[in-house]
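Engineer: Positions in the sequence shown are counted from 1; adding 109 to them yields the working numbering. Each residue gets a CB set at the ideal place from its N, CA and C atoms; glycine is no exception. Sharing a structure, written as structure tokens. Questions coming.
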Amino acid sequence: MEIFREIKSLKAFLRKKKLAQIQIGFVPTMGALHEGHLSLIEASRKHGLFTVCSIFVNPAQFNNASDLANYPRTETTDIDLLTRAGCDVLFSPSAQEIYPQKAGLRFTFPGLDTVMEGAFRPGHFSGVGLVVSKLFNIVEPDHAFFGQKDWQQFTIIRQLVHDLNFNLTLHAVPTMREENGLAMSSRNQRLSAEEKIKALVLYQTLKLAEAELLNGKTMHEIFPKLKALAENDSSVKIEYLTLANRHTLESVNTLTQKNQLVLCIAGFVGEVRLIDNILI
Ligand code: AMP
């Protein structure tokens, strides 16, 4: 695997691939890689693409300084995992390389960025829009792979690609889970063994809510009950549990639209904020 830290050398290398008509698949990440990330690499390889992964902990998308400072960084292990997964190129730039000067551009995604994550992490999706635009301009991929785990992020990137005419195909890859159902996340590395078991409550709450909704219950009816149940453990704090149209992210109260909905949850387990969702 070739490793690049500078935009200029990466671009020069990729230009040769493009001239040779080689199609590029791109997997942007913030590192601390796990099997979920590797499933995106695998999806790109399965499409027969020359696969570029980026690792960049993007300061612009963190609204909380301690979250940024505590974000796990495990580059040596990441390089090993990517090499074994058959990734062709790693782009791992410094913050200075990506932001040589403070960026002035702000993104808004009306309708999409004020709900759920947007409501609890002001400025987060502007930072995501900024870094993903930069990375798309640097790598110029033909295909880009994102996880369904961050569903709201996926809908926002879909809007970005559409609005800015990025010439690429987007793919959403299903969420990889631990055997017990816990969604894999870099942030899980910050959980103690005991908290890892407690963190299962997010997925369990999603599945309980789904069962209740399938029985004809409404979100208004079930939300207080499920929140109280999850928070029965004092180290768990649920921020939201939202049923929404999976394209527009408009919240809905009941299962009226078949195969059009997503049920999203976010909450703290101890100090660590986690998210999860299921498509319904
Ligand atoms: P992150 O490093 O958290 O920014 O994630 C990089 C990419 O990996 C994003 O597109 C995520 O949605 C995706 N991802 C994170 N966790 C998982 C998972 N458990 N399964 C599949 N994709 C994931």
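Let's see if you can read the secondary structure: which residues bound the alpha helix (DSSP H) around Val240?
Structural biologist: Locating residue 240 in the sequence shown gives position 131, where the first residue counts as 1. 233 to 248 is the extent of the alpha helix (DSSP H) around Val240.
Engineer: Could you check whether the segment 154 to 163 touches the segment 124 to 133, counting it as contact only if at least three pairs of C-beta atoms, one from each stretch, sit closer than 8 Å?
Structural biologist: Enough Cβ pairs lie closer than 8 Å, so yes.
Engineer: To which residues of the same chain is Lys211 closer than 6 Å at the C-beta, ignoring the five residues directly before and after it?
Structural biologist: Locating residue 211 in the sequence shown gives position 102, where the first residue counts as 1. Answer for Lys211: no residue qualifies.
Engineer: Three or more C-beta pairs closer than 8 Å, one from the segment 273 to 283 and one from the segment 241 to 256: is that the case here?
Structural biologist: Because the criterion of three Cβ pairs below 8 Å is met, the segment 273 to 283 and the segment 241 to 256 touch.
Engineer: Is Gly256 near the ligand AMP, going by C-beta to nearest heavy atom under 7 Å?
Structural biologist: In the sequence shown, residue 256 corresponds to position 147, counting from 1. Under cutoff, so the answer is yes.
Engineer: Please tell me whether Phe221 and Leu358 are closer than 8 Å, where the distance is taken between their beta carbons.
Structural biologist: Taking the first residue of the sequence shown as position 1, residue 221 is located at position 112. Taking the first residue of the sequence shown as position 1, residue 358 is located at position 249. Note that residue 221 is Leu in the sequence shown, not Phe. Cβ distance < 8 Å, so Leu221 and Leu358 count as in contact.
Engineer: Within the continuous alpha helix (DSSP H) that includes Phe332, where are the two ends?
Structural biologist: On the sequence shown, residue 332 is found 223 positions in, with the first residue counted as 1. First-last of the alpha helix (DSSP H) with Phe332: 328 to 339.
Engineer: Measuring alpha carbon to alpha carbon, tell me which residue in Phe122, Ile112, Asp176, Thr327 is nearest Thr185.
Structural biologist: In the sequence shown, counting from the first residue as 1, residue 185 sits at position 76. Looking at the Cα atoms, Ile112 is the closest of the given residues.
Engineer: Put Asn386 into one of helix, strand or coil per three-state DSSP.
Structural biologist: Locating residue 386 in the sequence shown gives position 277, where the first residue counts as 1. In this structure, Asn386 counts as strand in the three-state DSSP scheme.
Engineer: Tell me whether Asp189 is buried or exposed, calling it buried when 16 or more other Cβ atoms sit within 10 Å of its Cβ.
Structural biologist: Residue numbering aside, residue 189 sits at position 80 when the sequence shown is read from its first letter. The residue is exposed, with fewer than 16 neighbouring Cβ atoms inside 10 Å.
Engineer: Tell me the DSSP secondary structure of Asn172 in three-state form.
Structural biologist: In the sequence shown, residue 172 corresponds to position 63, counting from 1. Residue state, collapsed to three classes: coil.
Engineer: Mind checking who Ala281 pairs with in its DSSP beta bridge?
Structural biologist: The sequence position of residue 281 within the sequence shown is 172, counting from 1. Looking at the DSSP assignment, Ala281 forms a beta bridge with Phe255.
Engineer: Straight-line CA distance for Leu370 to Leu364?
Structural biologist: To locate residue 370, count along the sequence shown from 1; it is residue 261. To locate residue 364, count along the sequence shown from 1; it is residue 255. Their Cα atoms are separated by approximately 8 Å.
Engineer: Measure how close the beta-carbons of Ala375 and Phe229 come, nearest whole angstrom, since I'm counting them as under 8 Å.
Structural biologist: If you number the sequence shown from 1, residue 375 lands on position 266. If you number the sequence shown from 1, residue 229 lands on position 120. That pair is a contact at about 7 Å.
Engineer: Please work out which residues of its chain come closer than 7 Å, Cβ to Cβ, to Leu335, disregarding the five sequence neighbours upstream and downstream, and give them in chain order.
Structural biologist: For the purposes of this step, residue 335 is taken as residue 226 along the sequence shown, with counting starting at 1. Closer than 7 Å at the Cβ level, and outside the excluded window around Leu335, lie Thr314, Leu317, Ala318, Leu350.
Engineer: Rounded to whole angstroms, how far is the Cβ of Ala141 from the Cβ of Arg193, which I believe are closer than 8 Å?
Structural biologist: The sequence position of residue 141 within the sequence shown is 32, counting from 1. The sequence position of residue 193 within the sequence shown is 84, counting from 1. The pair is not a contact, with the Cβ atoms about 16 Å apart (cut-off 8 Å).
Engineer: Check whether the segment 202 to 216 and the segment 114 to 127 touch, using three or more Cβ-Cβ pairs below 8 Å as the test.
Structural biologist: The segment 202 to 216, when compared against the segment 114 to 127, does touch it at the 8 Å Cβ threshold.
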